[in-house]
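Everything on this sheet refers to the single structure shown next.
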Amino acid sequence: MTAPLSVQSTGTATTEQDEDPVRDVARTFDAVADDYDQSGVAFFAPIARRLVGLVRVREGEDVLDVGCGRGAVTLAAAADTGPTGSVTAIDVSPAMARHTRRAAEAAGLDHVRVEVTDAMRPALPPESFDVLTSSLVLFFLPDPAVALSRWTRLLRPGGRLGATTFGAQDGTWQAVDRLFHPYLPPRLLDPRTGRADSPFASDEGVERLVGRAGVRDVRTVREWLPVRFRDAEQWRSWSMGTGQRAMWGCVPQDDRPGLFERASALLEGARDGADIVLQQEVRYTLARV
Ligand SMILES: C[S@@+](CC[C@H](N)C(=O)[O-])C[C@H]1O[C@@H](n2cnc3c(N)ncnc32)[C@H](O)[C@@H]1O
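Each residue of the sequence shown is one higher than the one before, starting from 1343 at the first, in the working numbering.
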């Protein structure tokens, strides 16, 4: 998956082409929210579950989930804190926040609170959380270093932070994502490779970024996630239900059938029995205050 879908973040301040990158991202995810993670492809949930396991959310703890989307991490964390703990979930997209709120209500998780808030400016009391999670969000932020330094102030002494970003992807996935490149404005290029100085290009880059927030014991766990698609059509509906929809939006209508045909041929080359199997490496960056 081209880490996506988004306003490219370089770890430095907002650039001239991103006049209001946060508002753009909120719009993108509002548009995608109803379809987000609804294609039946296991992608966000396994990443979320692994993150919650790695930060070791315990019963009774207070968790802040930043950029909650439809609640993949929020709901997994809420199961682990139990009702003696709490999960506060924030997202800049009102539609995403609404979905998470509904999912928590449907699951009877009364200890989940969801707020529409810009992660760059979370107005939450300092030292009020034991754990902060943020899955696949950092590369959307106009200044992730500033955001991280604000987030870590929200953690109690000894509190833990866990954030995921994308590592490498297999050759097929790269080739499929490259089909979009001729159409993309610079702000939608892959944050790992779109700029030479991107902190998202390596474990060390992300660790340095997180380390600048005054945390300690920064470490990375990197794992491959096999992602299974029934067919190219399911890949398309999955991609339309992620921030990658913004990339489809850059492709003129007339060019879309041709792009899909080329993507289908590439994807079929990765068929393994009943499924097309693509591989995405996920980087889990962990630290404590
Ligand atoms: C790829 S989704 C990940 C959602 C969720 N963490 C998951 O793993 O499914 C990125 C999410 O970050 C949110 N986001 C991006 N920029 C944000 C910001 N400045 N403040 C709060 N949320 C933001 C988006 O609205 C979106 O819901």
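The beta carbon of each residue, even a glycine, is placed where N, CA and C say it ideally should be.
Predicted model, so just to flag it, every value in this text is computed and none were measured.
- Taking a cut-off of 8 angstroms for Cβ pairs, the region 1579-1590 and the region 1399-1411 do not touch, as fewer than three such pairs fall below it.
- The alpha carbon of residue 1499 has as its nearest neighbour, out of 1604, 1515, 1470, the alpha carbon of 1470.
- The closest heavy atom of ligand 1 lies 7 angstroms or more from the beta carbon of residue 1449.
- The region 1460-1477 and the region 1537-1549 do not touch, with fewer than three beta-carbon pairs separated by less than 8 angstroms.
- Taken in chain order, the whole beta strand (DSSP E) runs of length 3 or more contained in the region 1460-1513 are 1471-1477, 1497-1511.
- Beta-carbon to beta-carbon, residue 1580 and residue 1381 are separated by about 4 angstroms, close enough to satisfy the 8 angstroms threshold.
- For residue 1627, the pairing in a beta bridge is given by DSSP as 1505, 1562.
- For a cut-off of 8 angstroms, the C-beta gap from residue 1375 to residue 1408 is around 17 angstroms, too long to register as a contact.
- Rounded to the nearest whole angstrom, the CA to CA distance from residue 1594 to residue 1364 is 25 angstroms.
- With a 10 Å radius around the Cβ and a threshold of 16 neighbouring Cβ atoms, residue 1549 comes out buried.
- Short note on residue 1422: C-beta not closer than 7 angstroms to any heavy atom of ligand 1.
- Judged by pairs of C-beta atoms under 8 angstroms, the region 1512-1523 does not touch the region 1480-1492, as fewer than three such pairs exist.
- One Cα belongs to residue 1412, the other to residue 1379, and the distance between them is close to 8 angstroms.
- For residue 1431 and residue 1597, the gap between their C-alpha atoms comes out near 39 angstroms.
- Distance between residue 1451 and residue 1410, taken at the CA atoms: about 15 angstroms.
- Taking the Cβ of residue 1462 as the reference point, at least one heavy atom of ligand 1 falls within a distance shorter than 7 angstroms.
- At a Cβ-Cβ threshold of 8 angstroms, residue 1555 and residue 1491 count as neighbours.
- Shown here for residue 1463: same chain residues with a beta carbon closer than 8 angstroms to its own, the five before and five after excluded, namely 1492 in chain order.
- The three-state secondary structure of residue 1570, taken from DSSP, is strand.
- In this chain, residue 1412 is not harboured by any beta strand (DSSP E), its DSSP state being neither H nor E.
- Excluding residues up to 5 positions away in sequence, 1602, 1605, 1606, 1609, 1610, 1618 lie with their Cβ nearer than 8 angstroms to the Cβ of residue 1574 in the same chain.
- For residue 1430, the pairing in a beta bridge is given by DSSP as 1406, 1455.
- Ranked by how close their Cα comes to the Cα of residue 1422, the residues 1386, 1392, 1506, 1557 have 1392 in first place.
- Between residue 1377 and residue 1584, the alpha-carbon positions lie close to 8 angstroms from each other.
- Rounded to whole angstroms, the separation of the alpha carbons of residue 1523 and residue 1531 is 7 angstroms.
- Residue side-chain check: residue 1496 keeps its Cβ at 7 angstroms or more from all non-hydrogen atoms of ligand 1.
- A check of alpha carbon separations from residue 1543 across 1457, 1623, 1372, 1425 identifies 1623 as the nearest.
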